[in-house]
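If you count the sequence shown from 1, position 3 lands on 3 in UniProt numbering, and the numbers rise without skipping.
Each residue gets a CB set at the ideal place from its N, CA and C atoms; glycine is no exception.
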Amino acid sequence: MHAEKRLPACLHSVAAARAWVSRILDGYPDDVTETVTLCVSEAVTNAIRYSRSSLPREGGNLGEVILRLHNLPGCPLYVEVQDEGPLTPSSRPHVVDGSGPLAEHGRGMWLISTLAKQWTVMSEESATLLSMAFNTMPSTGRAEP
């Protein structure tokens, strides 16, 4: 499975990203879909809030965030969130020191680092790519769809 969705860089797109991921992952185990949807929600929110994607364009157009899902049988599910680069060097995705379930800020990347099998960030001035990998085997031991 390979799927891509381009979203305008506005906070309304977070709900659209969650709905799209839920549709694409229809048939996957519920725990996988819920985990991936939560992490996508956090990653897209961060991409909109902390990237140049949200800066105004000529003509009032918004930048965009690109969401990709890739899965081959027997492999982890890979999710990518790409934006138009960090607003500042410190705004590239990272886990904030002291973040955790009770922190007021920084929970998004903490959740991703806790729930994803692995995650990486590639960033340059014009683009940031957050890549996350998730196990697709359900906790109940059922086979992949």
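According to DSSP, residues forming a beta bridge with residue i
{"i": "residue 117", "result": "Answer is none; residue 117 lacks a bridge partner."}
{"i": "residue 68", "result": "4, 80"}
CB contact flag (residue i, residue j, <8 angstroms)
{"i": "residue 48", "j": "residue 65", "result": "yes"}
{"i": "residue 42", "j": "residue 108", "result": "yes"}
{"i": "residue 67", "j": "residue 111", "result": "no"}
Length of the line joining the Cα atoms of residue i and residue j
{"i": "residue 145", "j": "residue 59", "result": "In this prediction, residue 145 has a pLDDT of 44, which is less than 50 and means its spatial position is unreliable; what the coordinates show is noted afterwards. The straight-line gap from Cα to Cα measures roughly 44 angstroms."}
{"i": "residue 116", "j": "residue 133", "result": "6 angstroms"}
{"i": "residue 80", "j": "residue 131", "result": "4 angstroms"}
{"i": "residue 118", "j": "residue 77", "result": "11 angstroms"}
For residue i, the three-state DSSP class (helix, strand or coil)
{"i": "residue 136", "result": "coil"}
{"i": "residue 127", "result": "strand"}
{"i": "residue 56", "result": "coil"}
Segment limits, alpha helix (DSSP H) that includes residue i
{"i": "residue 17", "result": "12 to 24"}
{"i": "residue 49", "result": "30 to 50"}
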